[in-house]
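Encoded structure:
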């Protein structure tokens with residue numbers, strides 16, 4: 001199944017609603033950042049409009065860069081270190097581990113990660 005721009009926009013809405021509810025600090029400033037690749041659904045006009053509506057700024061992703069994936073960067077490298085030490089058998093355990101990881105990061109963690117992006 002391939003994802004269309006409309007499906008991606010729905011996912012953006014869902015993500016934004018959850019971030020607003022569970023991590024408001026990530027969305028309660030002038031221009032929250034989003035990193036996604038240049039797949040067609042991510043660059044289509046409906047998606048661009050949805051990003052503007054949600055006041056999300058998409059970070060520029062280098063074109064034709066199959067060697068770069070969002071999961072290669074700072075956040076996921078650090079999360080992988082935590083996950084490598086755990087055995088998560090339930091969705092609740094996954095959610096709790098992720099929430100614990102995010103809330104236990106130092107104040108400048110996300111800023112450092114953004115600054116390390118290519």
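Residue numbers (UniProt numbering): 1 to 118.
Note that the Cβ used here is the ideal one computed from N, Cα and C, for glycine as well.
Which residue wins for smallest C-alpha separation from residue i, given the options the options?
{"i": "residue 52", "options": "10, 36, 31", "result": "31"}
{"i": "residue 8", "options": "94, 19, 44, 26", "result": "44"}
{"i": "residue 14", "options": "74, 49, 54, 38", "result": "54"}
{"i": "residue 2", "options": "40, 17, 22, 12", "result": "40"}
{"i": "residue 112", "options": "28, 73, 16, 18", "result": "73"}
{"i": "residue 114", "options": "36, 17, 28", "result": "36"}
{"i": "residue 116", "options": "86, 89, 76", "result": "76"}
{"i": "residue 10", "options": "98, 46, 79", "result": "46"}
{"i": "residue 23", "options": "92, 89, 99", "result": "99"}
{"i": "residue 104", "options": "87, 84, 16, 78", "result": "78"}
{"i": "residue 12", "options": "48, 29, 28, 84", "result": "48"}
{"i": "residue 62", "options": "91, 38, 84, 80", "result": "38"}
I'd like to check one pair, residue j with residue i: are the Cβ atoms closer than 8 Å?
{"i": "residue 34", "j": "residue 58", "result": "yes"}
{"i": "residue 109", "j": "residue 82", "result": "no"}
{"i": "residue 97", "j": "residue 86", "result": "yes"}
State the DSSP-derived secondary structure class of residue i, mapped to helix, strand or coil.
{"i": "residue 117", "result": "coil"}
{"i": "residue 14", "result": "helix"}
{"i": "residue 6", "result": "helix"}
task = Pick out the complete alpha helix (DSSP H) segments inside the stretch 21 to 104, 4 residues or longer, and give them in chain order.
result = With a minimum length of 4 residues, the continuous alpha helix (DSSP H) runs that stay inside the stretch 21 to 104 are 40 to 43, 45 to 53, 74 to 83, 91 to 103.
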